[in-house]
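Just below is one structure, and these are the notes that go with it.
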Amino acid sequence: MNEPAIELRGARASMGGQEVWSDVDLVVRSGEFVAVLGSNGSGKSTLLRVILGLVESAPGTVSVLGGPPGGANREIGYLPQRHGFDSTLPIRGVDLVRLGLDGARWGLPSPLGSRGASGRRARERVGEVIELVGAGAYAERTLGELSGGERQRILIAQALVRRPRIVMLDEPLDSLDLPNQAAVSALVQRICRAENVAVLLVAHDVNPLLSYLDQVIYLAGGRALQGPVEQVITSATLSELYGAPIEVLRTSDGRLVVVGQPEAPHVHGHRHD
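Residue 1148 in this note's numbering is what sits at position 86 of the sequence shown, and the numbering runs on without skipping anything.
Here you go:
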């Protein structure tokens, strides 16, 4: 079995003096595709910030690639929440991917940096990840010309360009239609296996991910539960986690529907219908 890429033991997180969650134990290994689920305010994005070393987690311990959080951030590809781009911004998809290598220059390589062996290697790597995510046909277009699904592929390529050992994606399926949700989910699983990276993907709706996940981390009531979907997303486990009656139903087409309080319908209900 692969070594743990991320490990939390008895970890606690607070924001603005308020405890978000506590006594959290979880392990994510290299090559695993794990979804982070929970209602709004449950601490999903906070978990990613703890792993990046941006939020304290004491008491308890957090290990990221064998060291303290924040110490290996160059080996983490991180895609934060996005709320759209200025359609007039004259930056191409390929430039945005290069940003992952040349962040100090906003992804636009200097004339000197584009020459010689280092510039050639950078261009080759950018080309590799663009092909890996299937964005070769439109990477030269400006961001304003790209669809939501095309932009997400470009952003995932940017997160991969440094050959990370961990990839963290904060709601990459948000605002995508159903076909693009399925396509991006399949793409992330393929990258997880091909690159042997640990993937944490924050999502509101688990259904587009069901066929691709290894495990889920479910946050609710200031606690977290980790395991395979069929063990975690059940009436008994979610009722215990929320501290309230929750019912999990499976529809004839295999989708999971969570019914109950608090906010349970929003957690897995599709927001694009």
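Every residue gets a Cβ at the ideal spot worked out from N, C-alpha and C, and that includes glycine.
Here D1232 carries a strand assignment [DSSP, helix/strand/coil]. Taking 8 Å as the cut-off, the Cβ atoms of G1128 and R1071 do not count as close. For the options L1240, R1203, I1253, S1209, the alpha carbon positioned closest to that of I1218 is the one of I1253. Residue pairing by DSSP places L1070 opposite L1088, V1124 in a beta bridge.
When rounded, the separation of the alpha-carbon atoms in D1085 and I1295 is 20 Å. For R1213, the secondary structure class from DSSP, reduced to helix, strand or coil, is helix. Taken through DSSP and simplified to helix, strand or coil, Y1140 comes out as strand. Sorting L1222, L1311, S1101, L1262 by C-alpha distance to the C-alpha of I1113 places L1262 at the top. Runs of the beta strand (DSSP E) spanning 3 or more residues and lying entirely within the segment 1247 to 1276 occur at 1260 to 1264, in chain order.
For S1119, the closest alpha carbon among the candidates Q1080, V1096, S1101 is that of Q1080. Exclusion of the five residues before and after R1285 leaves W1083, S1084, D1085, V1086, L1303 as the residues of its chain whose Cβ lies within less than 8 Å of its Cβ. According to DSSP, A1075 shares a beta bridge with W1083. The beta carbon of S1104 sits closer than 6 Å to the beta carbons of L1281, A1282 from its chain, once the five residues preceding and following it are set aside; these are given in chain order.
Burial is judged here by how many other beta carbons sit within 10 angstroms of a residue's own beta carbon; S1107 has at least 16 and is buried. 8 Å or more divides the Cβ of A1134 from the Cβ of L1163. With respect to the C-alpha of D1315, the residue from I1192, Q1293, N1269 having the closest C-alpha is N1269. Assignment of beta-bridge partners to Q1220 by DSSP yields no partner. Here the segment 1151 to 1159 makes no contact with the segment 1095 to 1104; the two share fewer than three CB pairs at distances below 8 Å. Here P1290 is exposed. Its C-beta has fewer than 16 other C-beta atoms within 10 Å. DSSP, reduced to helix, strand and coil, places R1312 within a strand of the structure shown. DSSP places L1287 in no alpha helix (DSSP H) but in the uninterrupted beta strand (DSSP E) bounded by 1285 to 1289. A buried status is given to Q1220, since no fewer than 16 other beta-carbon atoms sit within 10 Å of its beta-carbon. Collapsing the DSSP output to three states places T1150 in coil. In the structure shown, I1295 adopts coil according to DSSP, grouped into three states.
If you ignore the 5 residues before and after N1258, its C-beta comes within less than 6 Å of the C-beta of S1092, G1093, all in its own chain and listed in chain order.
Going by DSSP, L1205 is part of no alpha helix (DSSP H) at all; its letter is neither H nor E. If the five residues before and after T1313 are omitted, its C-beta is found closer than 7 Å to the C-beta atoms of V1319, all from its own chain and listed in chain order. Within the same chain, G1169, L1205, I1216, L1217, Q1220 come within 8 Å of L1158 by CB-CB distance, once the 5 residues on both sides are set aside.
Comparing alpha-carbon positions, the option among V1089, P1066, E1065, N1064 lying closest to A1073 turns out to be V1089.
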